[in-house]
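This report refers to the structure that appears directly beneath it.
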Amino acid sequence: MSELSKLTIAQARDAMRKGDTTSAEITQACLTEIEGAGALGAFVHNTPQIATEQAKAADARIKAGDAPDMCGVPLGIKDLFCTKGVPSQAASRILEGFKPEYESTVTTQLFDAGAVMLGKLNMDEFAMGSSNETSVYGNAVNPWRRGNDDAALTPGGSSGGSASAVAADLCLAATGTDTGGSIRQPAAFVGIAGMKPTYGRVSRWGVVAFASSLDQAGPMTKDVRDAAIMLEAMCGHDPKDSTSADLAVPNFEAALTGDIKGKTIGIPKEYRMEGMPEEIEKLWADGTAMLKDAGARVVDITLPHTKYALPAYYVIAPAEASSNLARYDGVRFGHRAKLAQGDGITEMYEKTRAEGFGAEVQRRVMVGTYVLSAGFYDAYYNRARKVRALIKQDFETVFADGVDAILTPATPSAAFGLGEMADADPIQMYLNDIFTVTVNLAGLPGIAVPTGVDKQGLPLGLQLIGRPWEEAELLNVAYSLEQSAGFVAKPAKWW
0 MSELSKLTIA QARDAMRKGD TTSAEITQAC LTEIEGAGAL GAFVHNTPQI
50 ATEQAKAADA RIKAGDAPDM CGVPLGIKDL FCTKGVPSQA ASRILEGFKP
100 EYESTVTTQL FDAGAVMLGK LNMDEFAMGS SNETSVYGNA VNPWRRGNDD
150 AALTPGGSSG GSASAVAADL CLAATGTDTG GSIRQPAAFV GIAGMKPTYG
200 RVSRWGVVAF ASSLDQAGPM TKDVRDAAIM LEAMCGHDPK DSTSADLAVP
250 NFEAALTGDI KGKTIGIPKE YRMEGMPEEI EKLWADGTAM LKDAGARVVD
300 ITLPHTKYAL PAYYVIAPAE ASSNLARYDG VRFGHRAKLA QGDGITEMYE
350 KTRAEGFGAE VQRRVMVGTY VLSAGFYDAY YNRARKVRAL IKQDFETVFA
400 DGVDAILTPA TPSAAFGLGE MADADPIQMY LNDIFTVTVN LAGLPGIAVP
450 TGVDKQGLPL GLQLIGRPWE EAELLNVAYS LEQSAGFVAK PAKWW
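Numbering (numbering that gives the first Met the number 0), first residue to last: 0 to 494.
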C-alpha cells in the first residue's frame, strides 16, 4: 500500500488486521512525512525512537490477536499533555527543559491501547489563542492556501499544530484540548473532524491546566468514524481527576448508523450574527437541509443568554488561568531568570515570569488577577459565574423540550492569514470563539464537521452540540451530516 500516512484510523486498523501493512510501515511513512514538513511548524519535539519501539510492540500485539482498535495507530500529541521523559512545554518559554516524570492519563490510555507517539505538536502558549501565533516555537501553518495566493494562513488555535498535522497527513490523528473552541475552531479551519467531549468525560490529569472548569481533551481526526474510535480510547473514569465522571464508556463507533430519522435538530436564532459572511449563512442553511433530508425534524430554538457568553468566558477563563499559572515561579522546574546581586525571591518571580510568559499569557493573567481582586470579585467574577449558570440553563431547557442536537456554524469565517490580526484589537481575535465558548461554559459535547469550502477554496465547518454524556448520539448525527456533505477536499501539497 502506498501513501500510508493518508490512511484513516479505521482503514489502518483494518489493513493491519488483514496483514496488508504493519504499524512499523505506517509509522515510518508518517516519520518521513514529518521530516519533509518543517515549513508547517506542526511537530515541535519529534520522538522517532519511541515511535519505532511502540510500533514494533503494536505489531506483536496485532499478530497475537488481542489488539484494541487504536493499536498501531501513529498519533501526534499536543504539547499540553505531559509525556514521560519527553519535553512538555505547553509552547511556553517558562517550561523550557521540563521533562515530566509521569504520563498524562489520556496518553497513558492511548499507549495502553497500543497507539504510537510520533512527537509533540505545536499550539498556542498555555492554550491561550485562536491562531497558533502565541507559541514559543513560532507559528504553526495551515496546509491550505487561498486559491493561487501563497500567503501563510492560520491553522486556528490553540490546537493549531494538531490541526495542521492531521490535515497534512503527517499523522493519522492527534490529541487536542478545548477550553473555548480550541479543538473545534482549528478543525473547521483545516477541514478535519474535531470533537470536544462532555466536561468530565476525559481525564484532565497530566494535562497542563489553562482554565480548569472549562478544559477538556478530545480527538482531532480525518473523519467522524475516527473521532468515535479515538474518543473511546481517551475516555474513562480517573480517580486522579476529581472532575472525572464515573460512567461507562460506550462503543462510540457502533453508534454510527447514520440513521437520524425522527431526531430533532435545533437551530438557535441567537447564532445569526450581524455581518456574518454569506458563505457561512449558506453553509448553515445547506447543513440544515441535509439533516432534514436525512429524516430529522428541524426546529427553531432560542438560547437567550448567548450574547453574554464571550464576556463571561473572558472573565472566567483568565481568572482560572491566573490561579493555575501562579505555580510557574522559577523555583522547582522550567525557566529561571538570571538574577543580579542583591535580588531576592520577589525579583526572581518577577523576572522569571516576565521572561517566561508571552504577551498574550501575560495579558490574560493580568485580566484574571484583576477580576479576582478584592474590589472586583463580585462585580466581575461572581457575575460571570451567574451568567454561566443561565447559559447552561438555556441549553437544559432546549434539551428538555426534546431537542437531540443543535446545529450552528463552527467559526465566523474561513482561516485568516497569519499576522492579519496582529495590529487588531485583541477582541477581534477573541470573536473567533463566538460560536464555541457556550459549549465549554455549559460543559456540553460539541463536534466540528467539515462541510464545504468558501469561494477561495478554503474549508468551512459546521458545529453540532449534543446533550451531556450523549456523545454516541452526537457522533451519529455528525456522521449523517458528514455522509451528506461528502467533503473530501485535501490541501494541495506546497510544503
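The beta carbon of each residue, even a glycine, is placed where N, CA and C say it ideally should be.
| request: Go ahead and label residue 439 buried or exposed: buried means 16 or more other beta carbons lie within 10 angstroms of its beta carbon, across all protein chains shown. | output: Here residue 439 refers to the residue found at position 440 when the sequence shown is read from its first residue. Counting Cβ neighbours within 10 Å, residue 439 comes out buried, since at least 16 surround it.
| task | Can you give me the start and stop residues for the beta strand (DSSP E) that residue 267 sits inside? | result | Looking up residue 267 in the sequence shown gives position 268. 263-267 is the extent of the beta strand (DSSP E) around residue 267.
| Where residue 148 falls: helix, strand or coil (DSSP) | Translated into the one-based positions of the sequence shown, residue 148 becomes position 149. Residue 148 falls in the coil class under three-state DSSP.
| said: Quick check on the DSSP output: the beta strand (DSSP E) that includes residue 218 runs from which residue to which? | reply: Your numbering for residue 218 matches position 219 in the sequence shown. Where residue 218 is concerned, the enclosing beta strand (DSSP E) stretches over 215-220.
| query | Would you call the CB atoms of residue 158 and residue 122 closer than 8 Å? | reply | Locating residue 158 in the sequence shown gives position 159, where the first residue counts as 1. Locating residue 122 in the sequence shown gives position 123, where the first residue counts as 1. Yes; because the gap between Cβ atoms is below 8 Å, this pair is in contact.
| task | Please report how far the alpha carbon of residue 317 lies from the alpha carbon of residue 425, in whole angstroms. | result | Start at 1 with the first residue of the sequence shown, and residue 317 comes out as number 318. Start at 1 with the first residue of the sequence shown, and residue 425 comes out as number 426. Those two C-alpha atoms are separated by around 14 Å.
| task | Taking only the alpha-carbon atoms, compute the straight-line gap between residue 460 and residue 331 and give it to the nearest angstrom. | result | The residue you call residue 460 lines up with position 461 of the sequence shown. The residue you call residue 331 lines up with position 332 of the sequence shown. Cα to Cα, residue 460 sits roughly 43 Å from residue 331.
| message | By DSSP's criteria, residue 449 is part of a beta bridge. Which residues make up the other side? | response | Residue 449 sits at position 450 when you count from the first residue of the sequence shown. Answer is 460, bridged to residue 449.
| query | What residue does the beta strand (DSSP E) around residue 194 start on, and which one ends it? | reply | The count along the sequence shown starts at 1 and reaches residue 194 at position 195. 192-195 is the extent of the beta strand (DSSP E) around residue 194.
| query | Thinking just about the alpha-carbon of each residue, which of 183, 306 and 310 is nearest to the one in residue 196? | reply | The residue labelled residue 196 in the question sits at position 197 within the sequence shown. Checked all of 183, 306 and 310; the closest Cα to residue 196 is 183.
| task | Take residue 335 and list the residues in its own chain whose beta-carbon comes closer than 6 Å to its own, dropping the five residues that flank it on each side. | result | Residue mapping note: residue 335 aligns to position 336 of the sequence shown, counting from 1. Excluding residues within five positions, the ones whose Cβ falls inside 6 Å are 329 and 351.
| Rounded distance between the beta-carbons of residue 102 and residue 83, thought under 8 Å | Along the sequence shown, one-based indexing puts residue 83 at 84. Along the sequence shown, one-based indexing puts residue 102 at 103. Yes, residue 83 and residue 102 are in contact; Cβ-Cβ is about 5 Å, under 8 Å.
| message | Nearer than 7 Å: is that true of the beta carbon of residue 219 relative to any heavy atom of the ligand MG? | response | As far as ligands go, the structure on display features none, and thus does not contain the ligand MG.
| said: I need the straight-line Cα distance from residue 263 to residue 271, nearest angstrom please. | reply: For the purposes of this step, residue 263 is taken as the residue at position 264 of the sequence shown. For the purposes of this step, residue 271 is taken as the residue at position 272 of the sequence shown. When rounded, the distance between both Cα atoms is 20 Å.
| task | Quick one: give me the first and last residue of the beta strand (DSSP E) that residue 476 is part of. | result | Within the sequence shown, numbered from 1, the residue matching residue 476 stands at position 477. Residue 476 -> not in any beta strand (DSSP E); alpha helix (DSSP H) instead, spanning 470-484.
| Which parts of the region 39-88 are runs of the beta strand (DSSP E), unbroken and 3 residues or longer, counting only runs that do not cross its ends? | 42-45 and 73-77
| query | What number of angstroms, rounded off, separates the C-alpha of residue 131 from the C-alpha of residue 141? | reply | By 1-based counting over the sequence shown, the position of residue 131 is 132. By 1-based counting over the sequence shown, the position of residue 141 is 142. Their backbone Cα atoms lie some 10 Å apart in a straight line.
| task | Would you identify the three-state DSSP class for residue 420, choosing helix, strand or coil? | result | As a first step, residue 420 is located in the sequence shown; it is residue number 421 there, counting from the start. Note: residue 420 maps to coil in three-state DSSP.
| task | List the DSSP bridge partners of residue 172. | result | Looking up residue 172 in the sequence shown gives position 173. In the DSSP output, where bridge partners are listed per residue, residue 172 has 74 and 220.
| said: Counting only beta-carbon separations shorter than 8 Å, does residue 83 have a partner in chain B? | reply: Among the chains of the structure shown, chain B does not appear; only one protein chain is present.
| query | Apart from the five residues just before and just after residue 488, which ones in its own chain have a Cβ nearer than 7 Å to its Cβ? | reply | Position 489 of the sequence shown, counted from the start, is the residue given in the question as residue 488. 190, 452 and 458.
| query | Can you give the Cα-Cα distance for residue 28 and residue 12, rounded to whole angstroms? | reply | Here the question's residue 28 lines up with position 29 in the sequence shown. Here the question's residue 12 lines up with position 13 in the sequence shown. If you take the alpha carbons of residue 28 and residue 12, they lie about 15 Å apart.
| field | Exposure label - residue 0; buried when at least 16 CB within 10 Å | value | Taking the sequence shown and counting its residues from 1, the one referred to as residue 0 is at position 1. Because the pLDDT of residue 0 is 42, which lies under 50, any placement of that residue in the model is unreliable, and the number read from its coordinates should be weighed accordingly. Exposed.
| Residue nearest to residue 471 in terms of C-alpha spacing, selected from 292, 228 and 215 | Residue numbering aside, residue 471 sits at position 472 when the sequence shown is read from its first letter. Of 292, 228 and 215, the residue nearest in Cα terms is 228.
| Thinking C-beta only, is residue 348 closer than 8 Å to residue 436? | By 1-based counting over the sequence shown, the position of residue 436 is 437. By 1-based counting over the sequence shown, the position of residue 348 is 349. In this structure, residue 348 does not lie closer than 8 Å to residue 436 by Cβ.
| query | Is the beta carbon of residue 50 sitting closer than 8 Å to the one on residue 26? | reply | Counted from its first residue, the sequence shown places residue 50 at position 51. Counted from its first residue, the sequence shown places residue 26 at position 27. Contact: yes.
| request: Please look up how many angstroms separate the CB atoms of residue 216 and residue 242, rounded, as I've assumed it's under 8 Å. | output: Position 217 of the sequence shown, counting from 1, holds the residue named residue 216. Position 243 of the sequence shown, counting from 1, holds the residue named residue 242. In fact, because the Cβ distance is near 12 Å, the residues do not count as touching under 8 Å.
| Going along the chain, which residues of its own chain have a beta-carbon closer than 7 Å to the beta-carbon of residue 429, five neighbours each way excluded? | Taking the sequence shown and counting its residues from 1, one reaches residue 429 at position 430. Excluding positions up to five away in sequence, the list reads 309 and 313.
| said: Quick test of your reading: residue 239 and residue 104, contact by CB under 8 Å. State the CB separation rounded to the nearest angstrom. | reply: As a first step, residue 239 must be located in the sequence shown, where it is residue number 240. As a first step, residue 104 must be located in the sequence shown, where it is residue number 105. About 6 Å; that satisfies the 8 Å criterion.
| query | Bridge partners of residue 496, per DSSP? | reply | Outside the displayed range of the chain (0 to 494) lies residue 496, so it cannot be described from this structure.
| request: Just the C-alpha distance for residue 338 and residue 345, rounded to the nearest angstrom, thanks. | output: Here residue 338 refers to the residue found at position 339 when the sequence shown is read from its first residue. Here residue 345 refers to the residue found at position 346 when the sequence shown is read from its first residue. Residue 338 and residue 345: Cα-Cα distance of roughly 11 Å.
| query | Is residue 6 helix, strand or coil when you go by DSSP? | reply | Translated into positions along the sequence shown, residue 6 becomes position 7. Residue 6: coil per DSSP, three-state reduction.
| query | Near residue 185, which residues of its chain fall below 6 Å by C-beta distance, leaving aside the five closest residues on each side in sequence? | reply | For the purposes of this step, residue 185 is identified with residue 186 of the sequence shown, where counting begins at 1. Around residue 185: 154, 155, 158, 159 and 162.
| said: Does the contact criterion of 3 or more C-beta pairs under 8 Å hold for the region 110-122 versus the region 64-78? | reply: yes
| field | Best match in 88, 478, 434 and 469 for proximity to residue 180 [C-alpha to C-alpha] | value | Walking along the sequence shown from the start, residue 180 turns up at place 181. The option with the nearest alpha carbon to residue 180 is 434.
| request: Leaving out five residues on either side along the sequence, give the residues of the same chain with a beta carbon under 7 Å from the beta carbon of residue 251. | output: Within the sequence shown, residue 251 is the residue found at index 252, counting from 1. Counting only Cβ-Cβ distances below 7 Å, and skipping sequence neighbours, we find 227, 230, 231, 470, 471 and 474.
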